[in-house]
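*Asks:* Chains as they are written, first to last, in the working numbering: chain A, 1 to 321; chain B, 322 to 642.
Glycine included, every Cβ here is placed at the ideal spot set by N, Cα and C.
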DNA sequence: GCGCTACATCGTAAATGGTTACCGTCAAAT
DNA sequence: ATTTGACGGTAACCATTTACGATGTAGCGC
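#1: Which residue wins for smallest C-alpha separation from residue 45/A, given the options 318/A, 306/A, 294/A, 191/A?
#2: So that I know if they touch, is there some Cβ in chain A lying closer than 8 angstroms to that of residue 451/B?
#3: Any beta-carbon of chain A closer than 8 angstroms to the one on residue 463/B?
#4: Compile a chain-ordered list of the residues in the region 2–33 of chain A whose CB is closer than 8 angstroms to at least one CB of chain B.
#5: Tell me which residues of the region 506–540 of chain B have at least one Cβ-Cβ distance to chain A shorter than 7 angstroms, keeping chain order.
#6: So is residue 523/B buried or exposed if we call it buried at 16+ other beta carbons inside 10 Å?
#7: Of the residues that make up the region 272–294 of chain A, which ones have a beta carbon closer than 7 angstroms to any beta carbon in chain B?
#8: May I have a chain-ordered list of the alpha helix (DSSP H) segments no shorter than 4 residues that lie completely inside the region 497–543 of chain B?
#9: Residue 401/B: buried (16+ other C-beta within 10 angstroms of its C-beta) or exposed?
#10: Let's see if you can read the secondary structure: which residues bound the beta strand (DSSP E) around residue 624/B?
#11: Which of helix, strand or coil does DSSP assign to residue 230/A?
#12: Where does the unbroken beta strand (DSSP E) through residue 369/B begin, and where does it stop?
#13: Let me see if you follow: with CB-CB separation under 8 angstroms, is residue 261/A close to chain B or not?
#14: What are the start and end residues of each continuous alpha helix (DSSP H) run of 4 or more residues lying completely inside the region 427–495 of chain B, in chain order?
#15: Anything in the region 412–428 of chain B with a Cβ closer than 9 angstroms to a Cβ of chain A? List those residues in chain order, please.
#16: Which of the three DSSP states, helix, strand or coil, is assigned to residue 80/A?
#17: Please give me, in chain order, every unbroken run of the alpha helix (DSSP H) with length at least 4 that falls completely inside the region 375–400 of chain B.
#18: When burial is assigned at 16 or more other CB atoms within 10 Å of the CB, is residue 13/A buried or exposed?
#19: Anything in chain A within Cβ reach of residue 394/B, meaning under 8 angstroms, just list it in chain order.
#20: To which residues of the same chain is residue 406/B closer than 6 angstroms at the C-beta, ignoring the five residues directly before and after it?
#21: What first and last residue would you give for the beta strand (DSSP E) that runs through residue 257/A?
#22: Look at residue 256/A and residue 239/A and say whether their C-beta atoms are less than 8 angstroms apart.
#23: Using DSSP with H/G/I as helix, E/B as strand and the rest coil, what is residue 323/A?
#24: Here's the rule I'm using: 16 or more other beta-carbon atoms within 10 Å means buried, otherwise exposed. How should residue 529/B be labelled?
#25: Residue 39/A touches chain B at which residues, Cβ-Cβ below 7 angstroms?
#26: Exposed or buried, residue 16/A, counting other C-beta atoms within 10 Å across all chains shown (16 or more means buried)?
#27: In angstroms, rounded to a whole number, what distance separates the CA positions of residue 41/A and residue 299/A?
#28: With a threshold of 8 angstroms between beta-carbons, can residue 562/B be considered close to chain A, or not?
#29: Report yes or no: is there a C-beta of chain B within less than 8 angstroms of the C-beta of residue 167/A?
#30: Taking Cβ to Cβ, would you say residue 262/A is nearer than 8 angstroms to residue 59/A?
#31: 8 angstroms is my cut-off, CB to CB: does residue 61/A come that close to chain B?
#32: State the Cα-Cα distance for the pair residue 376/B and residue 450/B, rounded to the nearest angstrom.
#33: Can you tell me whether residue 322/A is buried or exposed, with buried defined as 16 or more other CB within 10 angstroms of its CB?
#34: Could you check the C-alpha separation between residue 512/B and residue 476/B for me, to the nearest Å?
#35: Could you tell me if residue 639/B is buried or exposed, where buried requires 16 or more neighbouring beta carbons within 10 angstroms of its beta carbon?
#36: Thinking C-beta only, is residue 229/A closer than 8 angstroms to residue 153/A?
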C-alpha cells in the first residue's frame with residue numbers, strides 16, 4: 001500500500017522494477033487514485049476556491065481565465081462560485097468553500113465588510129483579494145489604482161483641451177469602480193482648476209443601457225459638455241451610440257474615454273480610447289500570490305497594485321480641431 | 322459522533338434537546354464539518370466537474386452562468402476547467418475531475434472523439450454534453466440544432482429578396498459552429514434554387530478580426546454579394562465594421578445576419594439581426610439534466626435540442642428597397 | 001403492578017481510500 | 001563482521017457515515 005502510494009506520488013524511494021510492476025498493476029486493474037481519500041489523509045486538496053461576482057461579466061471572465069491558467073500551471077483546480085456581490089451569498093459560499101477544505105481562497109467582490117473579515121478570520125488557509133481590497137489592508141490583494149486610472153483618463157481629456165467634462169459614474173457605494181473612479185475624476189478636474197459641476201455627473205449601473213441613458217441626459221443639457229468620461233467601457237460604448245443616434249459624431253462633436261479596455265472597446269466605431277486595466281494579469285498575479293502563500297513562502301509585498309495604461313484610440317479628439 | 326453526524330445532516334432521529342446541545346457545542350467550538358471526510362465516507366462530493374473550452378469567451382461564460390445557477394440551486398459546487406478545445410488537455414482534465422470524485426461531469430468542447438468516449442467510459446458518474454454532442458448519440462446532451470439555425474438565418478435573407486449570399490464560416494472540422502452551420506447555409510441555398518458558389522464562402526476563426534478580413538475579401542469581388550451570413554455574431558460585427566469602414570452602409574448596401582445573439586449584438590449600430598441561441602438555458606438545462614442523472618431519476622429524453630429564434634433587428638433589409 | 005413489546009434515541013465500531021511515521025530486512029560497503 | 005542505506009511492509013491516522021446493537025421508556029394486556 002505504502003509503496004503504491006509512493007509510486008503514485010513519485011517518491012524516489014522505490015526500486016525501478018517495483019515501480020514498473022506497480023504501474024502494470026495500475027494499468028491492468030484500471031486503478032484511479034481517489035483524490036478525496038488523499039485529501040483527507042494529506043490535508044491538502046489541491047483545489048482553491050474562487051468567489052466571483054458574475055462569471056458572465058466579461059471583465060470577471062477574463063480575470064477568471066488568468067486565475068485558472070495559473071492555477072492549472074501549479075496543478076490546482078478551482079471551484080467557482082458566483083455571488084453577485086451579494087454579501088450574504090458571499091459569506092455563504094466562503095463557508096462552503098472552507099468546508100470543502102480548499103487550500104486557498106480567492107475573493108472577488110465589491111466591498112469587503114466587517115462580516116467578510118469575520119468569515120475570513122475563521123479560515124486556516126490563505127486568502128487573497130482580487131480586484132478589491134479591504135479598508136485596513138489586512139489581507140493580501142491585487143488590484144489596480146482605480147483613482148489614478150480615472151485621473152489619467154480625465155487628464156487625457158483635459159490635455160486635449162476639454163474643460164466641460166461630464167462623467168458617467170458607477171454607484172458611489174462601490175469602492176473601486178464607483179467611488180475611486182469618481183474621485184479620480186474630481187481630482188483631475190481640481191488639478192486643472194476646473195470647477196466640479198454636479199449636473200455633469202450621472203450615476204449608471206455599468207451597463208450599456210445606462211450609458212445610453214446618461215448620455216441622453218447630457219445631450220439635453222442647455223450647456224453641453226464637450227467630452228465624457230465613463231467609469232467603464234460598456235457605459236462608454238452606450239454613450240457613443242447615444243451620441244451617434246442623435247446624428248452627432250464621436251469624436252468630432254464629443255470625445256469619449258473610459259476605463260477597462262474590454263475586448264469590445266476595439267470592436268466599435270470609433271475605436272474606444274480607454275485606460276486599460278490588465279484583467280488577465282489581475283487574475284494571474286492573484287493566483288500566483290496565492291500559490292506562494294499556500295506554500296508558506298514569505299512574500300515581500302502582499303498588496304500589489306498592477307499598472308494601468310491609457311490606450312489612445314479614436315474616440316478622443318483635440319477640441320476645436 | 323454518530324449523533325453529531327445526525328444533527329448536522331438533519332436526520333430526524335435525534336431528540337430536540339440533544340440537537341440543541343449539539344448546536345451549542347458546534348457554536349462554542351467553532352466546529353466546521355469537513356466535506357472531504359464526508360465525501361470519503363458517503364461517496365458523494367456534491368461537486369460536479371465542468372470542462373469548458375474558454376471561460377473568457379462570452380458564449381461559454383454565459384453558458385457557465387446557467388450551469389452554476391442551477392448547480393447552486395441543487396447545492397452542488399462546480400470545478401471549472403478550461404481546455405481550449407485541445408483534445409489531450411480535455412482528456413487530462415476529465416481524468417483529474419474523475420479522480421476528484423465529482424458526482425457528475427458536464428462536457429463542453431468542439432468535437433467528441435473516440436478518445437473522449439474512451440475516457441467517458443471509465444467514468445462511474447453520469448456525463449452530459451453541453452453545446453456539443455457525440456456522433457453516435459450515446460451520451461446525454463443539450464444543444465441547439467445548428468444546421469436549422471443557420472438554415473433559418475440564410476432563409477430570412479432569401480425571404481428579403483437576396484440571392485447573392487456570402488458566408489463567413491467557421492472551420493469545417495468544428496462539427497457544430499463550423500460544419501453544421503455551413504451545411505444549413507448550403508441547404509437553404511439549395512431549397513431556394515440558388516447555386517452554391519465556392520468563392521462566396523470564407524473560413525474565419527470566429528473572431529472579430531476574421532470577420533473583418535473575410536468581408537474585405539467579399540468587398541473586393543467583381544460580383545459582390547448583397548448579403549452575408551456569418552456563422553457567429555462576432556464575425557458578423559467584424560463584417561459590419563468592415564463594410565462601414567469602406568463608406569458603405571448596413572443594411573442599405575449589405576444585409577448581415579448571423580447566429581448566436583451575444584449581448585454585443587444589441588450593442589452595435591445597426592443592431593444585429595441574428596438567430597438567437599439560448600446560451601444561459603443551454604447551461605441551465607444541461608445542469609438540470611445532470612442533477613436528474615445523478616439522482617438516478619429516469620429521464621424521458623436524454624438528448625435535448627433547445628429551440629432557436631431569429632431576432633429581426635436592423636442589419637437586414639429587403640433588397641432594392 | 002408486572003412483564004412484555006415496540007419504538008425512539010443514542011453509542012459503537014467498521015468502513016471509506018488513501019498518507020506517512022516507523023520499523024524490519026537485505027545487500028553492499030567498510 | 002559491522003555499519004549503512006535503500007527498500008518495502010505495518011499500522012495508525014484523517015473526519016466522517018452508517019449498519020447495528022444497546023439502552024431507556026412508554027404503552028399495553030393481563
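*Replies:* On the basis of the supplied data:
#1: 294/A
#2: It does not: the Cβ of residue 451/B has no partner Cβ on chain A nearer than 8 angstroms.
#3: Chain A, which has no Cβ nearer than 8 angstroms to the Cβ of residue 463/B, makes this no.
#4: 30, 32, 33
#5: 529
#6: With 16 or more Cβ atoms within 10 Å of its Cβ, residue 523/B is classed as buried.
#7: none
#8: 502–512, 529–541
#9: If you draw a 10 Å sphere on the C-beta of residue 401/B, you find 16 or more other C-beta atoms in it, and that means buried.
#10: Where residue 624/B is concerned, the enclosing beta strand (DSSP E) stretches over 624–627.
#11: Residue 230/A sits in a strand when the DSSP states are folded into three classes.
#12: Here the beta strand (DSSP E) through residue 369/B covers 368–373.
#13: No, residue 261/A lies away from the interface with chain B (no Cβ there is under 8 angstroms from its Cβ).
#14: 435–442, 467–480
#15: 414, 416, 417, 418, 419, 420, 421, 422
#16: strand
#17: 379–394
#18: Exposed, because fewer than 16 other Cβ atoms sit within 10 Å of the Cβ of residue 13/A.
#19: By Cβ distance, chain A contributes nothing, its closest Cβ being about 12 angstroms from residue 394/B, past 8 angstroms.
#20: 374, 430, 431
#21: If you look at residue 257/A, you'll find it in the beta strand (DSSP E) that goes 255–260.
#22: yes
#23: This structure leaves residue 323/A out entirely; chain A is present only between 1 and 321.
#24: When all chains shown are included, residue 529/B counts as buried.
#25: 357
#26: It is exposed - the Cβ of residue 16/A has fewer than 16 other Cβ atoms within 10 Å.
#27: 28 angstroms
#28: yes
#29: By this cut-off, residue 167/A is not an interface position.
#30: Between residue 262/A and residue 59/A, the C-beta gap is smaller than 8 angstroms, which places the two residues in contact.
#31: yes
#32: One C-alpha to the other measures close to 16 angstroms.
#33: What the structure shows of chain A is the stretch from 1 to 321, and residue 322/A is not part of that stretch, so it cannot be assessed.
#34: 9 angstroms
#35: exposed
#36: yes
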